[in-house]
Amino acid sequence: MAVTAVVGLQWGDEAKGKIVDLLTDKYEVVVRYLGGNNAGHTVMFGGNTYKLSLLPAGILRSNVTSVIANGVVINPAALLKEIQSVVDQGVEIGELLISDRAHVIFPYHLAEEAVLEQRRGDQAIGTTMRGIGTCYRDKIGRTHAIRVGDMYRPDYFRQRLEEVVEQKNVIIQALDPSAETLSAATIYDDYCRLAEQIAHRVTDTTAYLHKALKQDKNMLFEGAQGSLLDIDHGTFPFVTSSNSSGCGIHVGSGVPERVIDQMIGVVKAYTTRVGGGPCPTELHDQTGQHIRDEGHEYGTVTGRPRRCGWFDAVATGYGARVSGVDCIAVMLLDVLSKLDEVKICEAYEINGERTTDFPSHIQDLELAKPIYRTLPGWKQDITGIRKLEDFPKEARAYIDTVSELVERPVEIVSIGPDREQTVFC
Ligand code: IMP
115 MAVTAVVGLQ
125 WGDEAKGKIV
135 DLLTDKYEVV
145 VRYLGGNNAG
155 HTVMFGGNTY
165 KLSLLPAGIL
175 RSNVTSVIAN
185 GVVINPAALL
195 KEIQSVVDQG
205 VEIGELLISD
215 RAHVIFPYHL
225 AEEAVLEQRR
235 GDQAIGTTMR
245 GIGTCYRDKI
255 GRTHAIRVGD
265 MYRPDYFRQR
275 LEEVVEQKNV
285 IIQALDPSAE
295 TLSAATIYDD
305 YCRLAEQIAH
315 RVTDTTAYLH
325 KALKQDKNML
335 FEGAQGSLLD
345 IDHGTFPFVT
355 SSNSSGCGIH
365 VGSGVPERVI
375 DQMIGVVKAY
385 TTRVGGGPCP
395 TELHDQTGQH
405 IRDEGHEYGT
415 VTGRPRRCGW
425 FDAVATGYGA
435 RVSGVDCIAV
445 MLLDVLSKLD
455 EVKICEAYEI
465 NGERTTDFPS
475 HIQDLELAKP
485 IYRTLPGWKQ
495 DITGIRKLED
505 FPKEARAYID
515 TVSELVERPV
525 EIVSIGPDRE
535 QTVFC
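Everything in the sequence shown is counted per the working numbering, starting at 115 for the first residue and increasing by one.
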């Protein structure tokens, strides 16, 4: 039996989807354990491109059981739409199980988020506006939370909605008097219909996963977002509202981390970030735009241009330590191929002091000036390379430097979107 986890070590969008897809055929169970339809995974499979958000990549293989575990927040309408879009692309989807403990996103979560983000003005978190943070907030607060399992207990569900919606209307309208009044009865009817359509998939996924472990099934945990967006360990408050580092696996699935045999950290060969918050190596110049263009760095979910910069080994090394990864996969190395020279941030200077520690407060991170190691570019197309020894020596030096500074072996290098464009080191 093998239990593997794939987690992002930066601010998300590390191309985890490709690694998960490469590995999926070795696994019988693929588990998504955090986040919601804020995530975006692009998976190329069988000559087609699939844009997945809430669904685990295992869904594309009919022999894999995909699990949406308790740590995920679910917008049932978005989930059904996504399932339909995959089916419309001709995929015979595999078994999909949804945790009855997962929390549900309701229209008031989106309304509340819209008004809260708007009121923060230039301090807005820059969320994906999917009601993720407001749903997790209710989960932690308990009094306004509704879980998937609650939707199948009609009296209880109606009562909960009446209580919650009444209070949400007060809160939302206090913040925005022009906000429309939401109706508990309408939401109840809509969500009963949606719940009905997923009823056959809803189960106690924790119990299922433990049985699968007992049966020695190979299991893959598919991360979403990245370690630096982790609610506890990321660049708070410019983070997502769940534990998006490796720390989230145990909480979000009920499977103890000690059963994981291999934790793979996925990194981009450079840095990207969407939304607000500090990003020390961000480039506001032509090089930044060049990376954005070469890497097609526009958000999968929101279409927003991503902020681009040099590889930040301080931030990524911290992500690797927090997530406890055994090795790293370096993605999109080909994006840097046309540059004369490439830089890697090996330390920060904060208030005149050099440090390789990642600051815990964003005001310190905002002061961080990157100290770069500059390497010569390789200036040649590397997308056809299939063996580590065939990389130009400059690209090898770049990979080695990433490994040295992040203090983890590089085991995979990706040099294009296709499965074949992958080098196992
Ligand atoms: P939320 O998750 O929608 O609350 O957004 C909080 C922050 O996380 C924002 O900066 C988002 O841009 C970022 N974020 C959420 N999901 C992703 C993702 O899949 N990739 C990259 N950034 C994300």
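The beta-carbon is built from N, C-alpha and C at its ideal position, and this holds for glycine as well.
Pick from the options that is closest to residue i, judged by C-alpha positions
i, options, result
"T257", "D471, G263, V278", "V278"
"G466", "E310, M158, A427, P484", "P484"
"R522", "K493, A509, D504, V428", "V428"
"Q329", "D514, S517, E142", "E142"
"H155", "G389, K132, G161, K195", "K132"
"R387", "D127, V117, F538", "D127"
"I260", "V516, Y302, T295, V365", "Y302"
"T470", "V524, V520, A299, D290", "V520"
"G208", "K507, L169, K195, P268", "L169"
"V316", "Q281, G263, I363", "G263"
"F159", "L174, G423, A153, N152", "L174"
"D252", "R234, R267, R233, E227", "E227"
"N177", "I188, S199, S528, M333", "M333"
"F271", "C249, V218, G235", "V218"
"I254", "I345, T385, V527", "I345"
"G185", "L296, C249, T536", "C249"
"A225", "D269, Q376, K165, L296", "L296"
"F472", "H347, G235, K331", "H347"
"T385", "I378, M377, Q376, H398", "H398"
"W424", "S437, P394, L210", "P394"
"Q403", "L327, P506, K452, M243", "K452"
"G281", "S292, A298, P268", "At residue 281 the sequence reads Gln, which differs from the Gly that was named. Minimum Cα distance to Q281 is reached at A298."
"Q232", "L211, I197, D290", "D290"
"L343", "D304, M265, S474", "S474"
Any chain B beta carbon closer than 8 Å to residue i
i, result
"I133", "The question asks about chain B, but that chain is absent: this structure has only one protein chain."
For residue i: DSSP bridge partner residues
i, result
"A443", "V380, I526"
"N541", "In the structure as shown, the chain starts at 115 and stops at 539, and residue 541 therefore has no counterpart that could be examined."
"I285", "The partner list for I285 (beta bridge, DSSP) is empty, contrary to what the question assumes."
"F425", "I458"
"T385", "G423"
"L211", "V181"
"P540", "Since the first residue shown for the chain is 115 and the last is 539, residue 540 is missing from the structure and cannot be characterised."
"Y83", "Given a span of 115 to 539 for the chain in the structure shown, any question on residue 83 remains unanswerable."
"V117", "M333"
"P490", "E455"
"I374", "Partner(s): none; I374 has no beta bridge."
"E187", "Correcting the residue type first, residue 187 is Val in the shown sequence and not Glu. V187 pairs with H217."
"V537", "V527"
"E467", "I464"
Contact belief for residue i with residue j at Cβ below 8 Å, rounded distance in angstroms
i, j, result
"G409", "V444", "Contact doesn't hold; Cβ gap of about 13 Å is too wide."
"A309", "P221", "That belief does not hold up - the Cβ atoms of A309 and P221 are roughly 15 Å apart, past 8 Å."
"D135", "A171", "5 Å"
"A383", "L447", "4 Å"
"L193", "I312", "7 Å"
"I476", "G391", "7 Å"
"I458", "Y486", "7 Å"
"I442", "V381", "6 Å"
"S167", "T319", "Their Cβ separation, rounded to whole angstroms, is 19 Å, which puts S167 and T319 out of contact at 8 Å."
"G360", "V439", "7 Å"
"V200", "Y164", "6 Å"
"I246", "V187", "6 Å"
Residue i beta carbon near ligand 3 (any heavy atom closer than 7 Å)
i, result
"T156", "What this structure holds is ligand 1, not ligand 3."
**Message:** Three Cβ pairs or more, each shorter than 8 Å: is that satisfied between the region 121-132 and the region 428-448?
**Reply:** Yes, the region 121-132 is in contact with the region 428-448.
**Prompt:** Would the region 368-381 and the region 319-330 be scored as touching if the rule is three or more Cβ pairs under 8 Å?
**Reply:** At 8 Å Cβ cutoff, the stretches touch.
**Prompt:** Using 8 Å as the threshold, is the region 175-188 in touch with the region 135-150, meaning 3 or more CB pairs across them?
**Reply:** Segments in contact, yes.
**Asked** Are three or more beta carbon pairs between the region 233-250 and the region 346-355 nearer than 8 Å?
**Response** Yes: the two stretches touch, three or more of their Cβ pairs being nearer than 8 Å.
**Asked** Are at least three pairs of beta-carbons, each pair with one atom in the region 455-472 and one in the region 406-422, less than 8 Å apart?
**Response** The region 455-472 is not in contact with the region 406-422.
**Request:** Tell me, please, whether the region 492-503 touches the region 470-482 by the rule of three or more beta-carbon pairs shorter than 8 Å.
**Result:** No: fewer than three Cβ pairs fall under 8 Å.
**Asked** Taking one C-beta from the region 203-210 and one from the region 270-277 each time, how about it: are there three or more such pairs within less than 8 Å?
**Response** With the cut-off at 8 Å, the region 203-210 and the region 270-277 do not touch.
**Prompt:** Can we say the region 328-348 touches the region 356-365, given the rule of at least three CB pairs closer than 8 Å?
**Reply:** Taking a cut-off of 8 Å for Cβ pairs, the region 328-348 and the region 356-365 touch, as three or more such pairs fall below it.
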